Every structure is written in structure tokens, then in C-alpha cells.
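K.L.:
If you want this note's numbering, it's the position in the sequence shown, counting the first as 1, plus 546.
C-beta: ideal position from N, C-alpha, C; glycine also.
No experiment lies behind these values; they were computed from the predicted model shown.
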Amino acid sequence: MLADLNRVSTAITSSYRDSRAFVKHMQTLGDNHPMNASLRSNFEAQKSNGENYRAGRLTPEMIRCLDKIMIGRFLPMTTPNGRKIVTIEKDMFLRSCKNEDFPSIAVESGLSLDGWRTGRLLTDRAFRDSQHVIALPYVDLFVTDDEPLTKAIRRVVAPFAFRTAEVIDKVEFDKRFP
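1) Do the CB positions of Asp691 and Asp715 come within less than 7 Å of each other?
2) Using DSSP bridges, identify the partner residues of Ile714.
3) My assumption, with CB atoms under 8 Å, is that Asp686 sits in contact with Glu712. Please give the rounded CB distance.
4) I need the straight-line Cα distance from Asp720 to Ala672, nearest angstrom please.
5) With C-beta atoms as the reference, is Leu612 less than 7 Å away from Lys636?
6) Assuming Glu646 and Ala707 are in contact, meaning their beta carbons sit under 8 Å apart, how far apart are those beta carbons, in whole angstroms?
7) Buried or exposed for Val725, please, with buried defined as at least 16 other CB atoms from any protein chain shown within 10 angstroms of its CB.
8) Taking just the CA atoms, how far does Met616 sit from Gly656?
9) Please tell me whether Pro683 and Thr710 are closer than 7 Å, where the distance is taken between their beta carbons.
10) Report the start-end ranges of each beta strand (DSSP E) in the segment 558–632 that is 3 residues or longer and not cut off at the edges.
11) For Leu598, which residues from the same chain have a beta carbon less than 6 Å from its beta carbon, with the 5 sequence-adjacent residues on both sides left out?
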């Protein structure tokens, strides 16, 4: 699937890849598979983060600080032409940037924060849905019959200045695209 998405050589992608078969395979992974162990660990961390947020031990300011630390770690040390980026330049960038500058990150972060605020537990389904929700700034329609997710999306995207997809259910999709 990654080879298909990245348009790697035809030697790798020459055979047909059935996405439904891939999803079915992913659903058969055992509990001891590293990906499932990682997911469980993530769910526990998210549960703990939510409890800490609601108790006031994790504040929006702390989250902004953590975001800046993480962004800073991903910044390159040199420009594409090889010039070293000085600390002052990085600091100026980090002071001025915000999640909304990166729409998919803003949507994903907003969905996590909404879950912490509302006490919505992160489940396997909710996690997988969140991976699709990050596409909202880049697509026209988002189709889901998950009413709690729809409500969360509407709460999350309301304050953003950037455009996001219209969220509709399957019935509405079928009406529009018979």
C-alpha cells in the first residue's frame, strides 16, 4: 500500500493490491503484535492525559509548550542550501507558529483535546477515525454515520479560519450521489 501511494517502481507495485484485504488482514493481527501493543499503550496514555487535563494537571499552556518543543525537535539544523540555522531563527519561528498553521495537525490535536475535555475515551475505532479526520482541511466531504464523531468534528473545526470538509452521513451522501 505504501509503495502504491508513493509510486515506487512497478516491480514492487505490479500486482493488484486489494485495500479490503489489507484492512481484513489488519483486523486479524493478534493482541501480541507490536502495533496492537503500541495502540493499547497509546489508549492508556490518552486516558491518563484526559484525566490530567480535566483535573487541571495538564493545562492548555502546557500543551502549547509541548507542541513547541516537539516542533523544535523536527526543525532542521541547516537550510536546503547548507546554511546553518541559528538558534535565534528557530526561537523566532517557534514563538510565532501555532497549530492552526498546520491544518491537519490542528484538526488532530483539536480532536484529542475535545476527547480530553468531554471524557470521550479513545477506542480502536475512534483512533482509526481520527486518522481519517486529519484529511478534513483537504477534502470537500467527510462521510460518517458516527454521530458522536460528527458532533466532535463540528466542535473542533468551528474556531478554525481554514476551510474544512462538510460532514455528512451516508443517507445524505446517497441522496447527492445516486
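P.N.:
So, from the listed chains and residues:
1) A Cβ-Cβ contact shorter than 7 Å links Asp691 with Asp715.
2) DSSP lists Val689 as the bridge partner or partners of Ile714.
3) Confirmed, about 7 Å.
4) Cα to Cα, the separation comes out at about 24 Å.
5) Their beta carbons are not under 7 Å apart, which means Leu612 does not touch Lys636 by this criterion.
6) With 8 Å as the limit, Glu646 and Ala707 qualify as a contact, their Cβ atoms being about 7 Å apart.
7) Beyond the ends of the chain as shown, which are 547 and 724, falls residue 725; an answer cannot be given.
8) Straight-line Cα distance between these residues: approximately 16 Å.
9) Yes, these two residues count as a Cβ contact at 7 Å.
10) Those beta strand (DSSP E) runs which fall completely within the segment 558–632 and span 3+ residues do not exist here.
11) First, the amino acid is wrong: residue 598 is Asn here, not Leu. Non-local beta-carbon contacts of Asn598 in its own chain, meaning distances under 6 Å to residues more than five positions away in sequence, involve Leu604 in chain order.
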